[in-house]
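Structure first, then comments.
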Amino acid sequence: MKYLTYILILATTLVMVASCGKDEEIGPYQFSTDIDMQEFMESHDWALMALSFDNSGVDWDIGDNNMLLWIDPEYQGGELDPNDTFSLSINGIDIHFNQEHWDDYGWVYFDHVVLPIASKVDVLFKRNNSVIFDKKVKLSAFPKITSFPGVPNWNDDLILKWSLSRDSHVQMVYADTYSADEHNSVYHYTNPSARSYAVPVNVLFMFHMTSYGMSLMELCFTEYNSAFVVSMTVAGKRIPIDREDETPTSGNLIDRLLKKAWNYSPQPNPLY
């Protein structure tokens, strides 16, 4: 009887551990190379890229306790039909679909929404009224850069430090330098628990440098059937500050993902 009780307790414990792992979705998404992340992305029909910004990341006031969230779906399962219809809701709020972008360019494009800052949101995405994604999505926290070598000593490592309220599935650091006709860049997958990264000495140095910057990106993944949502948050510093960040080069889908994260500039919405 004691042996049976032990087996039942052990089985219950294993179920609880498995359920916790599934809910948190930590292990399977801690990619450390482009190849691993690319293979994961390309194994799905839909990639929904969710960019979020706090009040420091946009050019107008959304409130200190709010975030701007923009979800951009991309289809990888073949050709879409011009007669397709799409809908998206976030936390029960219906998001406006830009019909002109669809009619003119074939882009599945939705407006952004301003919501209270949260660690998770409910996302429902449909194509032709059929559910593509319906699940609570884990959002990346907003990184805050706490130390940036604004006057770099090129004889030493360049050390970037930041704070983050919770770990992401994937954390990447990107750094680059420019001269009039040259560009050096490096990006690195760091441990999700890391809060600093040192770019090795001489990796970025060039003569007659005109611009230099460092950026940090946080990624969290949530799967549903043949679709996934990747939540992205970004923080960066650049000298001079009037030059836009460029995008590192990698696989096709990762290229688009990184370009959206590093170069996306949301336009003010008169409703907010």
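Residue numbering for the sequence shown follows the numbering used here, starting at 98 and increasing by one per position. By construction, the Cβ of each residue, glycine as well, lies at the ideal position given by its N, Cα and C atoms. These numbers come from a predicted model, not from an experiment.
In terms of residue numbering, what span does the beta strand (DSSP E) encompassing Tyr-206 cover? In the sequence shown, residue 206 corresponds to position 109, counting from 1. Careful: Tyr-206 lies outside any beta strand (DSSP E) and carries neither H nor E.
Tell me which residues share the same chain as Ile-214 and place their Cβ nearer than 7 Å to its Cβ, disregarding the 5 neighbours each side in the sequence. Here the question's residue 214 lines up with position 117 in the sequence shown. These residues qualify, in order along the chain: Asp-151, Asn-162, Asn-163 and Met-164.
Taking DSSP's pairing of strands, which residues face Glu-171 in a bridge? Locating residue 171 in the sequence shown gives position 74, counting from the first residue. Its beta-bridge partners are Ala-144.
Around the C-beta of Leu-185, are 16 or more other C-beta atoms found within 10 angstroms, so that it is buried, or is it exposed? Numbered from its first residue, the sequence shown carries residue 185 at position 88. Counting Cβ neighbours within 10 Å, Leu-185 comes out buried, since at least 16 surround it.
Going by the beta-carbon positions, is the gap between Ser-153 and Ser-328 smaller than 8 Å? If you number the sequence shown from 1, residue 153 lands on position 56. If you number the sequence shown from 1, residue 328 lands on position 231. It is not a contact, given that the beta carbons lie outside the stated cut-off.
Assuming Ser-244 and Leu-257 make a contact with CB atoms under 8 Å, what is their CB distance in whole Å? By one-based count along the sequence shown, residue 244 stands at place 147. By one-based count along the sequence shown, residue 257 stands at place 160. The pair is a contact, with the Cβ atoms about 7 Å apart (cut-off 8 Å).
Coil, strand or helix - His-81 by DSSP: Residue coverage of the chain in this structure runs from 98 to 369, which leaves residue 81 outside it and unanswerable.
Going straight from the alpha carbon of Leu-236 to that of Leu-313, what length do you get? For the purposes of this step, residue 236 is taken as residue 139 along the sequence shown, with counting starting at 1. For the purposes of this step, residue 313 is taken as residue 216 along the sequence shown, with counting starting at 1. Straight-line Cα distance between these residues: approximately 16 Å.
Taking 8 Å as the cut-off, decide whether the C-beta atoms of Asn-190 and Val-220 are in contact. Looking up residue 190 in the sequence shown gives position 93. Looking up residue 220 in the sequence shown gives position 123. With the sequence shown as reference, residue 190 is identified as Ile, and Asn is not the correct amino acid for it. Cβ distance not < 8 Å, so Ile-190 and Val-220 don't count as in contact.
Beta-carbon proximity of Trp-259 to Ala-332, cut-off 8 Å: Here residue 259 refers to the residue found at position 162 when the sequence shown is read from its first residue. Here residue 332 refers to the residue found at position 235 when the sequence shown is read from its first residue. A contact, by the Cβ cut-off of 8 Å.
Residues bridged to Pro-213 (per DSSP): Taking the sequence shown and counting its residues from 1, the one referred to as residue 213 is at position 116. Answer is Asn-163, bridged to Pro-213.
Inter-residue CB distance, Ala-144 and Glu-176 (contact presumed, cutoff 8 Å): Position 47 of the sequence shown, counted from the first residue, corresponds to residue 144. Position 79 of the sequence shown, counted from the first residue, corresponds to residue 176. With 8 Å as the limit, Ala-144 and Glu-176 do not qualify as a contact, their Cβ atoms being about 16 Å apart.
Mark Glu-279 as exposed unless 16 or more other C-beta atoms lie within 10 angstroms of its C-beta, in which case mark it buried. As a position in the sequence shown, residue 279 is number 182, starting the count at 1. With a threshold of 16 other beta carbon atoms within 10 Å, Glu-279 falls short and is exposed.
Can you round the beta-carbon distance between Ala-324 and Leu-301 to whole angstroms, since I take them to be within the 8 Å contact cut? One-based indexing of the sequence shown puts residue 324 at position 227. One-based indexing of the sequence shown puts residue 301 at position 204. Between Leu-301 and Ala-324 the Cβ distance is about 37 Å, and since that is not below 8 Å, they are no contact.
Could you tell me the alpha carbon to alpha carbon distance between Met-311 and Tyr-275, rounded to whole angstroms? In the sequence shown, residue 311 corresponds to position 214, counting from 1. In the sequence shown, residue 275 corresponds to position 178, counting from 1. Rounded to the nearest angstrom, the two C-alpha atoms are 12 Å apart.
Rounded separation between Met-134 and Phe-128 - CA only: Translated into positions along the sequence shown, residue 134 becomes position 37. Translated into positions along the sequence shown, residue 128 becomes position 31. Taking the straight line joining both Cα atoms gives about 6 Å.
For a test of the three-state rule: what should DSSP assign to Asp-158, helix, strand or coil? One-based indexing of the sequence shown puts residue 158 at position 61. If DSSP states are grouped into helix, strand and coil, Asp-158 belongs with coil.
DSSP state of Asp-219, grouped into three classes? For the purposes of this step, residue 219 is taken as residue 122 along the sequence shown, with counting starting at 1. Strand, per DSSP.
Tell me the rounded alpha-carbon separation between Asp-201 and Val-296. Sequence index remark: in the sequence shown, residue 201 carries index 104 (1-based). Sequence index remark: in the sequence shown, residue 296 carries index 199 (1-based). For Asp-201 and Val-296, the distance between alpha carbons rounds to 43 Å.
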